[in-house]
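For reference, the structure discussed in these notes is given below.
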Amino acid sequence: MKTLTLSAVALLATASPVFAQDYDVLIRGGTVYDGSGAPGRSADVAIQGDRIVAVGAIPATATAKTLVDARGKIVAPGFIDPHSHAAPNIQTPELAPALPMLHQGITTLFANPDGGGPADLAPQIRDLRTNTPGVNVALMIGHNAVRAAVMGNVDRLATPEEQARMEGLVTAAMKLGAFGLSDGPFYIPAKYSNTAEIVGLAKAASAFPHAFYESHIRDEGNYDIGVVAAVEEVITVSREAKIPGVVTHIKVLGPQVWGKSAEVIAHIDKARAAGVQVWADQYPYTASGSSLMASLVPGWAQEGGADALAKRLEDPAMRAKIRAEMVPNLARRAGPHAIQIRAYKADPSLDGKRLDEVGAILKLDPLDAAIEMLKKGGAPTVSFNMSDKDVEAFMQQSWTMTSTDGGLPPFGKTAEHPRAYGAFPRKLRNYVLDKPVIGMAQAIHAATGLPAQVFDVVDRGALRKGAFADVIVFDPKTVRDTATYEKPHAYAQGMDYVFVNGRAALANGKPVAERFGRVLLRTP
């Protein structure tokens with residue numbers, strides 16, 4: 003019986019090519035970029051269930067439930083966004099479809115960046131599973147979140163007992179499936195930490211396989227320690243905790259430090275040559291996003307958060323002291339016209355206005371206008387403070403990934419940064435197709451295979467047999483961002499098909515009603 007079975011298998015294997023193969027999805031005739039950085043090649047892609055089952059020349063006799071004619075189009079792995087502010091909105095039924103992401107070709111995102119998110123990931127995981135996101139969502143555990151949970155927003159170093167409790171929260175999150183530790187020492191309360199505290203938390207994360215450390219560095223300009231020293235802090239944490247380190251949304255911010263990209267690149271290259279795993283991600287814009295408080299207010303005055311700051315500003319002597327220190331910070335942000343208000347709850351009519359315009363409306367000096375806004379809770383901002391040359395220099399590095407740093411806003415509400423809708427297509431259009439700063443193969447690798455490697459996203463970020471079928475088909479003639487700073491709520495164009503786990507979430511450029519994303523949890 004055993005011999006007969008083996009013979010039968012051999013016979014079937016020999017005869018099988020004469021039968022027509024039937025697939026769930028067959029993408030024919032596109033230029034395939036597999037995510038590895040290899041050049042594009044003409045190939046077909048077949049999907050069965052949630053996996054890619056073939057890449058190459060598939061016989062003309064093959065059939066499929068969904069047939070996509072990709073002639074003249076580019077076929078690539080779905081984009082992976084290593085820095086997304088989609089949470090907590092993506093946890094709600096209304097915004098779970100994640101349409102701004104799908105229209106960019108994003109099929110996987112990492113939530114809780116900049117040290118943010120909850121200190122306990124269990125409720126977040128439950129919400130995501132309950133509402134089924136439109137894209138895959140991976141989670142990080144945030145330094146700011148665990149510090150606030152243990153210490154509040156206090157301006158002091160942690161005690162040994164507090165350090166142990168914070169490390170315990172990181173350990174618990176990693177056990178729940180967090181991929182790594184995110185940090186934001188530019189923001190309170192992590193601003194009040196020292197490097198030793200961060201190393202301790204990173205060591206707690208590094209006890210788990212394939213963990214990483216991602217940081218919105220302590221200073222992206224020349225606020226205090228300076229951008230080069232802040233990048234060195236990430237390198238120190240990475241080296242001492244023996245964990246890959248990521249300088250997230252890498253930039254040199256403010257006219258005073260334009261051109262320092264060369265020095266930052268040299269420091270990262272030196273560390274990498276010495277065996278330290280250091281990477282970066284970047285959004286392709288010359289404007290950043292932050293808040294009035296984080297951008298303008300000295301760190302000591304932020305202690306306790308927005309309410310405590312508002313009380314300090316009511317005291318004339320304290321207000322004068324804070325204002326004096328805000329003057330150079332405004333210059334670091336390139337002046338009042340370079341700051342745009344995104345969402346001012348106390349007076350939404352000011353949304354989208356520049357700070358100098360707000361001053362004119364309120365009949366106040368722009369800095370005093372900012373102080374009046376801070377007394378009423380402040381506002382998130384967009385600030386125009388980077389140079390194209392620095393953006394391009396960072397983009398050209400082999401260790402730089404693509405990210406959005408974008409939120410998931412209700413469509414049409416608030417003056418959102420356009421990166422939420424357009425970062426990935428903007429990079430393709432502006433920096434690959436129209437002005438070739440980098441090639442298409444590198445751009446796709448930076449958005450797919452590279453983040454999958456750095457964050458160990460198993461079987462994603464690649465077009466190969468056996469990988470999960472997160473696949474995009476886009477038209478190089480039409481792909482582009484349409485969101486602007488003045489009108490940020492506009493979906494990107496050019497994505498014809500976006501498959502998430504083998505299902506078409508975007509078909510013929512239009513979203514479908516169902517959602518096919520999954521919560522991705524780190525596995526040992």
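In the numbering used here, the protein residues as written are 3 to 526.
Don't be surprised by glycine CBs; every beta carbon is placed ideally from N, CA and C.
As the structure is a prediction and not an experimental result, all values here were calculated from the model.
Span separating the alpha-carbon of G379 from that of A45: In the sequence shown, counting from the first residue as 1, residue 379 sits at position 377. In the sequence shown, counting from the first residue as 1, residue 45 sits at position 43. Going from the Cα of G379 to the Cα of A45 covers about 55 Å.
Quick one: what does DSSP say I82 is sitting in, helix, strand or coil? As a working note, residue 82 is residue 80 in the sequence shown. In the structure shown, I82 falls within a strand segment according to DSSP collapsed to helix, strand and coil.
Taking only three categories from DSSP, how would you classify M176? Looking up residue 176 in the sequence shown gives position 174. Helix, per DSSP.
Suppose only complete runs of 4+ residues qualify. What are the alpha helix (DSSP H) ranges in the stretch 29-74, listed by chain order? Whole alpha helix (DSSP H) segments, 4+ residues: zero.
For R335, the nearest candidate out of Y285, T173 and E222 (CA to CA): Indexing the sequence shown from 1 puts residue 335 at position 333. For the residues Y285, T173 and E222, the minimum Cα distance to R335 belongs to E222.
What does N138 pair with, by DSSP beta-bridge criteria? Mapped onto the sequence shown, residue 138 falls at position 136. Looking at the DSSP output, N138 sits in a beta bridge with T110.
Contact set for S195: own chain, Cβ-Cβ below 8 Å, skip 5 residues either direction: Start at 1 with the first residue of the sequence shown, and residue 195 comes out as number 193. Cβ within range, chain order: H145, R149, L159, A160 and P187.
What are the start and end residues of the alpha helix (DSSP H) that includes E216? Along the sequence shown, read from residue 1 onward, the residue named residue 216 stands at position 214. For E216, no alpha helix (DSSP H) encloses it; the enclosing beta strand (DSSP E) starts and ends at Y215 to S217.
Under 8 Å, with one C-beta from each stretch per pair, do the stretch 410-428 and the stretch 330-349 reach the 3-pair mark? The stretch 410-428 makes contact with the stretch 330-349: 3 or more CB pairs, one atom from each, lie closer than 8 Å.
Considering only their Cβ atoms, is the gap separating F81 from G118 smaller than 8 Å? Here residue 118 corresponds to residue number 116 of the sequence shown, with the count starting at 1. Here residue 81 corresponds to residue number 79 of the sequence shown, with the count starting at 1. No, they are not a contact pair.
Can you tell me which residues form a DSSP beta bridge with T558? The displayed coordinates of the chain run from 3 to 526. Any statement about residue 558 would go beyond what the structure contains.
Determine the contact status of S385 and A303, defining contact as a CB-CB distance below 8 Å. Taking the first residue of the sequence shown as 1, we reach residue 385 at position 383. Taking the first residue of the sequence shown as 1, we reach residue 303 at position 301. No, these two residues do not count as a Cβ contact at 8 Å.
For P368 and A340, the rounded distance between their alpha carbons: On the sequence shown, position 338 is the one that residue 340 refers to. On the sequence shown, position 366 is the one that residue 368 refers to. Between A340 and P368, the C-alpha separation is close to 11 Å.
Segment contact, 8 Å Cβ cut-off, at least three pairs: the stretch 397-417 with the stretch 275-294: Verdict: yes, contact present.
Does DSSP put T406 in a helix, in a strand, or in coil? The count along the sequence shown starts at 1 and reaches residue 406 at position 404. Of the three classes helix, strand and coil, the one that applies to T406 here is coil, per DSSP.
Is I143 buried or exposed, if buried means 16 or more other CB atoms sit within 10 Å of its CB? In the sequence shown, residue 143 corresponds to position 141, counting from 1. With at least 16 other beta carbons inside 10 angstroms of its own, I143 counts as buried.
Measure the alpha-carbon distance for G463 versus T383 and round it to whole angstroms. For the purposes of this step, residue 463 is taken as residue 461 along the sequence shown, with counting starting at 1. For the purposes of this step, residue 383 is taken as residue 381 along the sequence shown, with counting starting at 1. Between G463 and T383, the C-alpha separation is close to 32 Å.
M328 - containing alpha helix (DSSP H), residue span: Counting from one through the sequence shown, the residue named residue 328 turns up at place 326. In this chain, the alpha helix (DSSP H) harbouring M328 covers P318 to R334.
I need the boundaries of the beta strand (DSSP E) containing G277, first residue and last residue. By one-based count along the sequence shown, residue 277 stands at place 275. For G277, there is no enclosing beta strand (DSSP E), as DSSP marks it with neither H nor E.
Could you give the residue range of the alpha helix (DSSP H) that holds I237? Position 235 of the sequence shown, counting from 1, holds the residue named residue 237. Unbroken alpha helix (DSSP H) run through I237: V229 to A243.
Would you kindly report the start and end of the unbroken alpha helix (DSSP H) that includes F396? In the sequence shown, the residue the question calls residue 396 occupies position 394. Annotation for F396: the continuous alpha helix (DSSP H) segment containing it runs D390 to M397.
D458, DSSP secondary structure in three states: As a first step, residue 458 must be located in the sequence shown, where it is residue number 456. Three-state DSSP puts D458 in coil, outside helix and strand.
So the candidates are Q258, E242, A310 and S292; which of them puts its Cα closest to the Cα of G277? The residue labelled residue 277 in the question sits at position 275 within the sequence shown. Per the Cα distances, E242.
Just list the residues that DSSP pairs A530 with in beta bridges. There is no way to answer for residue 530, as the model of the chain reaches only from 3 to 526.
For S240, which residues in the same chain have their Cβ closer than 7 Å to its Cβ, ignoring the five residues on either side in sequence? Residue numbering aside, residue 240 sits at position 238 when the sequence shown is read from its first letter. If we look at S240 and ignore the five residues flanking it on each side, its Cβ neighbours are Y215, P246, G247, V278, Q279 and V280.
Measure the C-alpha to C-alpha separation of R432 and P478 and round it to an integer number of angstroms. What you label residue 432 is simply residue 430 of the sequence shown in a count that begins at 1. What you label residue 478 is simply residue 476 of the sequence shown in a count that begins at 1. Correcting the residue identity first, residue 432 is Asn in this sequence and not Arg. Annotation: N432 to P478 spans about 12 Å, alpha carbon to alpha carbon.
What is the DSSP secondary structure of I2, reduced to helix, strand or coil? This structure gives no information on residue 2, because the portion of the chain shown stretches from 3 to 526.
Within 8 Å, strictly: CB atoms of P330 and G361: One-based indexing of the sequence shown puts residue 330 at position 328. One-based indexing of the sequence shown puts residue 361 at position 359. P330 places its beta carbon 8 Å or farther from that of G361.
Simplified DSSP state of G451, which is helix, strand or coil: Residue 451 sits at position 449 when you count from the first residue of the sequence shown. Here G451 sits in helix by DSSP.
For V201, count neighbouring Cβ atoms within 10 angstroms of its own Cβ and tell me buried if that reaches 16, exposed if not. By 1-based counting over the sequence shown, the position of residue 201 is 199. V201 is buried by the Cβ-count criterion.
Could you check which residue in W401, D185 and L255 has the C-alpha nearest to that of H269? Counted from its first residue, the sequence shown places residue 269 at position 267. Ranking the options by Cα distance to H269, first place goes to W401.
Candidates L28, S38 and G37, of which the one nearest D71 by Cα: Within the sequence shown, the letter at position 69 stands for residue 71. Ranking L28, S38 and G37 by Cα distance to D71 puts L28 first.
Note down, in chain order, each residue of its chain lying with its Cβ closer than 8 Å to the Cβ of E234, except the 5 sequence neighbours on either side. The residue labelled residue 234 in the question sits at position 232 within the sequence shown. Excluding five sequence positions before and after E234, the CB atoms of its chain that fall closer than 8 Å to its own CB belong to H269, given in chain order.
CA-to-CA distance, M497 to F112, given in whole angstroms: One-based indexing of the sequence shown puts residue 112 at position 110. One-based indexing of the sequence shown puts residue 497 at position 495. C-alpha separation (whole angstroms): 21 Å.
By the three-class DSSP mapping on this structure, what secondary structure does R220 have? Mapped onto the sequence shown, residue 220 falls at position 218. The answer is coil: DSSP assigns R220 none of H, G, I, E or B.
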